[in-house]
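J.:
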Amino acid sequence: MDWPLIVSLAVLTSVMVIGIAVLLWIEVRRAIRRSLAMMERMEAQMKGTLEDTQQLIQTTQSLTVDIQRRLHAADGIMQAIQSTGEASASLSKSIKGISGVLSNSITEARATLQNEQDTVRNLIAMTTMGAELWHKWQSRKSSKPSSPANEQQ
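Quick note: the sequence shown uses our numbering, first residue 976, plus one each step.
(1) For residue 1119, name the three-state secondary structure that DSSP assigns.
(2) Okay, do the segment 1057-1066 and the segment 992-999 touch, 3+ Cβ pairs below 8 angstroms being the bar?
(3) Within 10 angstroms of its Cβ, does residue 1031 collect 16 or more other Cβ (buried), or is it exposed?
(4) Going by other Cβ atoms of all chains shown within 10 Å of its Cβ, with 16 needed for buried, is residue 1037 buried or exposed?
(5) Given a threshold of 16 other Cβ atoms within 10 Å of its Cβ, counted over all protein chains shown, does residue 1114 qualify as buried or as exposed?
(6) Please report how far the alpha carbon of residue 1001 lies from the alpha carbon of residue 1015, in whole angstroms.
(7) In the structure shown, what three-state DSSP assignment does residue 1051 receive?
(8) In whole angstroms, give me the CA-to-CA distance for residue 1117 and residue 981.
(9) Buried or exposed: where does residue 1069 fall if 16 or more other Cβ atoms within 10 Å of its Cβ makes it buried?
(10) With residue 1087 and residue 1013 assumed to form a contact (beta carbons below 8 angstroms), what rounded beta-carbon distance in angstroms separates them?
(11) Using a Cβ-Cβ cut-off of 8 angstroms (strictly less than) and excluding sequence neighbours within five positions of residue 1020, which residues of its own chain qualify?
(12) Anyone know if the C-beta pair for residue 1105 and residue 999 falls short of 7 angstroms?
(13) Please report the distance separating the alpha-carbon of residue 1060 from that of residue 1074.
(14) Ignore the nearest five residues each way along the sequence and tell me which others in residue 988's own chain have a CB closer than 8 angstroms to its CB.
(15) Suppose contacts are defined by Cβ-Cβ distances below 7 angstroms. Is residue 1076 in contact with residue 1024 by that definition?
Structure below.
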């Protein structure tokens, strides 16, 4: 065989493997950055949800205290019934608000999680493909005879 051709093929193969490895490394870094950004967004959303929930709980607690105060201070049954109705409506509105905030947060989290699961699947597929290429290249490299007698045939 012609040595310059063998060396050229070996160099070309090495360049291709290095190129694939670099591209794979770049894509892995991008996926990790996207995952980190998604986690930061989710953390910010969770903090916002927590703050909204705490505010709604405080409002609910103040409404409960108000209901108790009004019940004790009521002059008559009608006044107590009216105050209770108003407080119950406010409490119901607060509970609906909490439910809406939690529902929106869960919906957004599901959508974000689905997108990131697709990214992770793609990353795993690319990693598996790269590992398979590497193993095939290694097995071909190790299976080629290196003795001069075989090269002359």
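Note that CB positions come from ideal geometry on N, CA and C, so glycine has one too.
T.: With the given structure in hand:
(1) coil
(2) no
(3) buried
(4) exposed
(5) exposed
(6) 21 angstroms
(7) coil
(8) 15 angstroms
(9) buried
(10) 6 angstroms
(11) 1080, 1083, 1084
(12) yes
(13) 21 angstroms
(14) 1112
(15) yes
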